[in-house]
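Asker:
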Amino acid sequence: MNHPDMSQEIVVALVGNPNVGKTALFNYLTGKKQKVGNWAGVTVAKKTGVLSFKNHTFKIIDLPGVYALNSDDKTAMDAKIACEYLLNNKVDVVINLVDAANLERNLYLTCQLMEMQIPMVVGLNMLDVAKKHGVNINAEVLSKKLGCPVVKMQLKKAQGVLELKNILIKKIHIPSIPKYKYAFNKFANVLTKHIKQEDSLKALPHYWLGLGLLENNKLAANYVENNPKIIQVLEKQKQQIQTTYEEDADILLADARYDFINTICSSCKQTFTKKLSITSEKIDKIVLHRIWGLPIFLSVMYLMFEFSINLGGAIQPFFDNISSVIFIEGVQHLSNILGVPNWMSVTLGQGFGLGINTVITFIPQIAALFLFLSLLEESGYMIRAACVMDRIMQSIGLSSRAFVPLIVGFGCNVPAIMATRNLNHKQDILRTIMMTPFMSCGARMTIFAVFATAFFPHHGASVIFGLYIFGILIAIVTGFVFKLILKATNDDHLVLELPEYHMPNVRFICMNTWQRLKKFITRAGKYIVPICILIGVFNHLQLNGTFANNPRNSVLAIAAKKITPVLHPMGIETGNWPATVGLITGVLAKEVVIGTLNTIYTQHQDDVVVSHKFNFLKKLRAAIYDSYSNIVHIQTRGFLNPFLANSKNSHMNRTALGNMVKAFSNIASVFAYMLFILLYIPCVATIAVIAKEAGKAWAVIASVWCVSIAYVSAVVCYQSMTILQHPFSSCIWIMSMLGCIAGIIYLIAKYINRTQMAEV
Numbered sequence: 184m185n186h187p188d189m190s191q192e193i194v195v196a197l198v199g200n201p202n203v204g205k206t207a208l209f210n211y212l213t214g215k216k217q218k219v220g221n222w223a224g225v226t227v228a229k230k231t232g233v234l235s236f237k238n239h240t241f242k243i244i245d246l247p248g249v250y251a252l253n254s255d256d257k258t259a260m261d262a263k264i265a266c267e268y269l270l271n272n273k274v275d276v277v278i279n280l281v282d283a284a285n286l287e288r289n290l291y292l293t294c295q296l297m298e299m300q301i302p303m304v305v306g307l308n309m310l311d312v313a314k315k316h317g318v319n320i321n322a323e324v325l326s327k328k329l330g331c332p333v334v335k336m337q338l339k340k341a342q343g344v345l346e347l348k349n350i351l352i353k354k355i356h357i358p359s360i361p362k363y364k365y366a367f368n369k370f371a372n373v374l375t376k377h378i379k380q381e382d383s384l385k386a387l388p389h390y391w392l393g394l395g396l397l398e399n400n401k402l403a404a405n406y407v408e409n410n411p412k413i414i415q416v417l418e419k420q421k422q423q424i425q426t427t428y429e430e431d432a433d434i435l436l437a438d439a440r441y442d443f444i445n446t447i448c449s450s451c452k453q454t455f456t457k458k459l460s461i462t463s464e465k466i467d468k469i470v471l472h473r474i475w476g477l478p479i480f481l482s483v484m485y486l487m488f489e490f491s492i493n494l495g496g497a498i499q500p501f502f503d504n505i506s507s508v509i510f511i512e513g514v515q516h517l518s519n520i521l522g523v524p525n526w527m528s529v530t531l532g533q534g535f536g537l538g539i540n541t542v543i544t545f546i547p548q549i550a551a552l553f554l555f556l557s558l559l560e561e562s563g564y565m566i567r568a569a570c571v572m573d574r575i576m577q578s579i580g581l582s583s584r585a586f587v588p589l590i591v592g593f594g595c596n597v598p599a600i601m602a603t604r605n606l607n608h609k610q611d612i613l614r615t616i617m618m619t620p621f622m623s624c625g626a627r628m629t630i631f632a633v634f635a636t637a638f639f640p641h642h643g644a645s646v647i648f649g650l651y652i653f654g655i656l657i658a659i660v661t662g663f664v665f666k667l668i669l670k671a672t673n674d675d676h677l678v679l680e681l682p683e684y685h686m687p688n689v690r691f692i693c694m695n696t697w698q699r700l701k702k703f704i705t706r707a708g709k710y711i712v713p714i715c716i717l718i719g720v721f722n723h724l725q726l727n728g729t730f731a732n733n734p735r736n737s738v739l740a741i742a743a744k745k746i747t748p749v750l751h752p753m754g755i756e757t758g759n760w761p762a763t764v765g766l767i768t769g770v771l772a773k774e775v776v777i778g779t780l781n782t783i784y785t786q787h788q789d790d791v792v793v794s795h796k797f798n799f800l801k802k803l804r805a806a807i808y809d810s811y812s813n814i815v816h817i818q819t820r821g822f823l824n825p826f827l828a829n830s831k832n833s834h835m836n837r838t839a840l841g842n843m844v845k846a847f848s849n850i851a852s853v854f855a856y857m858l859f860i861l862l863y864i865p866c867v868a869t870i871a872v873i874a875k876e877a878g879k880a881w882a883v884i885a886s887v888w889c890v891s892i893a894y895v896s897a898v899v900c901y902q903s904m905t906i907l908q909h910p911f912s913s914c915i916w917i918m919s920m921l922g923c924i925a926g927i928i929y930l931i932a933k934y935i936n937r938t939q940m941a942e943v
């Protein structure tokens with residue numbers, strides 16, 4: 184390959200099977216110069232990055248992991264994307280990363296890349312694993328057989344990356360066309376001769392197109408479906424193959440490719456006494472056990488949950504206090520010094536500052552969650568968890584791949600929604616998105632912990648656990664409902680290769696965690712800060728147009744008082760309007776609910792301003808001390824009970840707790856309120872991500888569905904718990920709510936079918 188001028192960007196496509204180390208190589212090559220988006224028209228993640236090396240600039244495209252470049256109706260979206268990108272875009276060189284421990288299977292994709300006649304470099308990774316299996320690969324012989332450079336790599340130690348970079352700046356030749364048996368080269372050349380004569384097909388790799396037509400590759404067939412001349416030649420060639428070999432061309436071509444691969448491997452691969460991976464096999468006998476597999480998986484997920492809440496919660500005061508003193512108190516203090524008008528001071532401090540504070544407060548627990556997930560993925564357990572969950576997920580009509588976003592949802596719904604990109608079918612993506620908001624995130628935990636402390640001091644953990652289970656049940660019901668609405672079929676059978684367990688690479692884990700965290704902060708911050716400014720303004724804006732520190736008479740409070748009667752069927756009395764304000768601000772972020780309730784329930788006078796000196800160093804010392812104390816006493820904070828562990832970070836002062844207990848009429852109304860918080864509309868960041876991933880219409884549908892389910896569940900719960908006090912009216916309310924949810928399901932189904940939103 185003759186590289187373009189040094190000032191021009193060289194496009195490099197990174198191609199390989201799943202789990203061969205592509206992500207690690209991509210991170211090593213691009214470092215921090217990478218971005219994540221979507222492939223055009225689909226929600227599969229698109230990763231691009233930039234490599235600058237010796238006055239050359241490379242644009243690195245990380246294509247989805249694929250086993251082959253065939254595309255048909257049942258092929259996963261990632262295979263279609265990879266194939267279409269290589270066919271329809273300018274690619275200067277392909278880096279084909281292969282697993283040395285599974286060379287034969289990986290070289291099948293290599294053969295198809297050779298057929299495309301694109302300059303190629305092969306990265307031979309996992310040589311250490313191959314050696315453990317008693318396999319030695321001669322890279323020089325392999326390079327000669329393939330007709331392209333082969334780089335020996337061990338990405339866990341970053342070995343071979345520099346050599347690969349040096350090869351990229353050199354002239355890379357197009358590999359030779361594989362010589363297949365059954366005279367496939369002759370049959371393909373007949374088709375190639377006619378393909379070259381068609382102007383509409385000149386930009387495509389002719390040899391690949393010829394073989395693709397012979398093996399019934401649907402993507403290849405799409406290019407010639409309106410060309411009767413090519414179709415006529417194709418049918419003639421297929422008939423000749425069938426007559427000569429008494430077998431279909433696609434079966435013969437697969438056999439020919441593997442025969443070619445076996446010939447290569449016999450010359451470059453040496454096998455010694457095979458060392459069985461005793462450790463991995465012993466672990467899998469337990470982890471994948473038909474009985475113990477599920478309890479072990481649930482235990483691992485509980486540990487993830489525990490790790491995120493305990494470790495993240497322990498250092499959360501540091502982020503919270505520091506960001507609060509800088510962006511809220513600091514901004515307001517500076518505004519007072521400068522004599523800034525009150526409305527501007529409130530907008531900057533309680534709006535912009537609170538938004539920044541809210542986003543920053545997310546960081547510890549979300550980072551801990553992403554760190555734990557990266558550890559599971561890198562160690563090799565996560566793919567085994569998919570196998571364990573396959574039977575359960577299939578029973579509700581979903582691919583087992585959907586379990587990962589749902590589990591991530593227990594930490595935060597935003598990355599969970601984004602994780603649905605990795606599902607193969609649009610219907611699976613949509614149904615999983617609709618189910619995810621019912622996975623109670625860590626933010627809701629802070630609310631439940633406060634209410635459990637105030638109203639269920641002796642049974643708080645049981646109440647919270649019951650809420651989590653109820654959320655899961657509602658998610659399952661949602662999956663069934665939208666399976667019927669979308670007319671989804673369940674034909675996605677799970678076929679996975681289980682890699683060996685191995686020690687995670689610390690650098691890769693940290694880099695992967697950072698990339699995920701940065702993406703989360705960027706996406707969430709874009710929506711949280713503006714909404715927080717609006718809520719901050721209306722929470723202090725009075726009807727006369729003035730601003731006051733006391734939100735009791737604010738526009739938001741007055742609006743809440745008007746809305747509160749709607750919540751009366753679930754036990755919220757008119758005088759308990761702060762509970763309604765908490766629900767409104769909770770749309771911003773569920774973390775805001777406790778702050779809202781704490782502020783409003785504490786205030787009894789019209790306008791109380793507590794003057795205190797702004798002292799950044801004092802706040803900094805307090806934040807460091809709190810975090811240090813939490814980490815030191817992490818076990819006593821409730822290592823085996825995340826509900827207890829998190830309750831300390833989500834406190835309210837005694838006055839607020841006392842007033843809140845008085846405001847709720849009975850335990851039934853408290854539980855109904857908690858149930859509503861569990862199920863009602865996701866936070867703005869989640870809604871925004873749903874709009875981004877599935878479209879604005881689905882964001883609206885998800886919001887309507889969540890609010891409807893929450894209201895119906897809360898009303899039915901309250902009326903059922905108090906049915907002895909007013910049996911007639913309670914029965915009327917319960918029947919009305921059941922009819923209401925049936926009507927909403929009908930309207931959603933009608934809208935989806937009318938607008939054809941269910942089409943894949």
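Residue 184 is where the sequence shown starts when you use the working numbering, and the numbers rise one by one after that. Yeah, the Cβ is synthetic: ideal placement off N, Cα and C, and Gly gets one too. From a predicted model like this one, the values you see are computed outputs, not experimental measurements.
Go ahead and label Arg614 buried or exposed: buried means 16 or more other beta carbons lie within 10 angstroms of its beta carbon, across all protein chains shown.
Answerer: buried
Asker: Mind checking Leu800: buried by the 16 CB within 10 Å criterion, or exposed?
Answerer: Burial call: exposed.
Asker: In whole angstroms, what separates the C-alpha of Ile447 from that of Ile469?
Answerer: 37 Å
Asker: My assumption, with CB atoms under 8 Å, is that Pro500 sits in contact with Asp809. Please give the rounded CB distance.
Answerer: 4 Å
Asker: Given a threshold of 16 other Cβ atoms within 10 Å of its Cβ, counted over all protein chains shown, does Ala851 qualify as buried or as exposed?
Answerer: buried
Asker: By alpha-carbon positions, which one of Ser919, Ile807 and Tyr291 ends up nearest to Asn504?
Answerer: Of the listed residues, the one whose Cα sits closest to Asn504 is Ile807.
Asker: Using CA coordinates, which residue listed in Glu298, Pro302, Leu286 and Ala371 is at the minimum distance from Ala322?
Answerer: Leu286
Asker: Verify whether the separation of the beta carbon atoms of Ile935 and Ile668 is less than 7 Å.
Answerer: yes
Asker: Measuring CA to CA, which of Arg690, Phe367, Leu771 and Cys693 is closest to Arg627?
Answerer: Leu771
Asker: What number of angstroms, rounded off, separates the C-alpha of Thr206 from the C-alpha of Val281?
Answerer: Approximately 13 Å between the Cα atoms of the pair.
Asker: Using CA coordinates, which residue listed in Trp888, Tyr894 and Ala283 is at the minimum distance from Phe859?
Answerer: Tyr894
Asker: Are Phe553 and Gly536 close, meaning C-beta to C-beta below 7 Å?
Answerer: no
Asker: Using the rule of at least 16 other Cβ atoms within 10 Å of the residue's Cβ for burial, across every protein chain shown, is Glu192 buried or exposed?
Answerer: exposed
Asker: Whether or not the stretch 738 to 752 and the stretch 552 to 571 are in contact is what I'm after, with contact meaning three or more pairs of Cβ atoms, one per stretch, closer than 8 Å; do they touch?
Answerer: Three or more Cβ pairs closer than 8 Å define a contact, and the stretch 552 to 571 falls short of that threshold against the stretch 738 to 752.
Asker: Tell me where the beta strand (DSSP E) around Glu192 begins and ends.
Answerer: Glu192 to Gly199
Asker: Alpha carbons only, please: which of Lys709, Leu290 and Glu298 is nearest the one belonging to Leu270?
Answerer: Glu298
Asker: Does DSSP classify Ser506 as helix, strand or coil?
Answerer: helix
Asker: Can you find the residues in the same chain that come closer than 6 Å, C-beta to C-beta, to Lys364, ignoring five residues on each side of it along the sequence?
Answerer: Ala439 and Asp442
Asker: The beta strand (DSSP E) that contains Gln610, what's its start and end?
Answerer: No beta strand (DSSP E) holds Gln610; the alpha helix (DSSP H) holding it covers Lys609 to Met618.
Asker: Under a three-way DSSP split, which group does Asn540 fall into?
Answerer: helix
Asker: In this structure, how does DSSP classify Asn202 when only helix, strand and coil are distinguished?
Answerer: coil
Asker: Grouping DSSP H, G and I as helix and E and B as strand, with all else coil, what is Lys369?
Answerer: helix
Asker: May I ask you to list the residues that DSSP assigns as paired with Phe241?
Answerer: Ile193 and Leu234
Asker: With a floor of 4 residues, list each alpha helix (DSSP H) that falls wholly inside the stretch 379 to 430, ordered by position along the chain.
Answerer: 389 to 397, 401 to 407 and 411 to 428
Asker: Select from Leu338, Gly534, Met618 and Ser896 the residue whose C-alpha is nearest the C-alpha of Val720.
Answerer: Gly534
Asker: Determine contact between the stretch 411 to 418 and the stretch 373 to 389, defined as no fewer than three beta-carbon pairs at a distance below 8 Å.
Answerer: With the cut-off at 8 Å, the stretch 411 to 418 and the stretch 373 to 389 touch.
Asker: Whole angstroms are fine: how far does the CA of Leu581 sit from the CA of Phe663?
Answerer: 10 Å
Asker: Please go through the stretch 301 to 358 and give each complete beta strand (DSSP E) segment of 3 or more residues, from N-terminal end onward.
Answerer: 303 to 308, 318 to 320 and 333 to 335
Asker: Where Arg699 and Thr619 are concerned, what is the direct C-alpha to C-alpha distance, given to the nearest angstrom?
Answerer: 18 Å
Asker: Answer yes or no: do Leu392 and Ile378 have a C-beta to C-beta separation smaller than 7 Å?
Answerer: yes
Asker: Measure the beta-carbon distance from Thr544 to Phe502 and round it to whole angstroms, keeping in mind my assumption that it falls under 8 Å.
Answerer: 6 Å
Asker: Would you call the stretch 914 to 930 and the stretch 687 to 697 touching, i.e. three or more CB-CB distances under 8 Å?
Answerer: The stretch 914 to 930 is not in contact with the stretch 687 to 697.
Asker: Buried or exposed: Asn200, going by 16 or more other Cβ atoms within 10 Å of its Cβ?
Answerer: The residue in question, Asn200, is buried, as its Cβ has 16 or more Cβ neighbours within 10 Å.
Asker: Buried or exposed, going by whether 16 or more other CB atoms sit within 10 Å of the CB of Phe911?
Answerer: So Phe911 counts as exposed.
Asker: Pick out the complete alpha helix (DSSP H) segments inside the stretch 507 to 594, 4 residues or longer, and give them in chain order.
Answerer: 513 to 521, 525 to 529, 537 to 562, 564 to 578 and 586 to 591
Asker: Beta-carbon separation of Asn540 and Ser507 under 7 Å?
Answerer: yes
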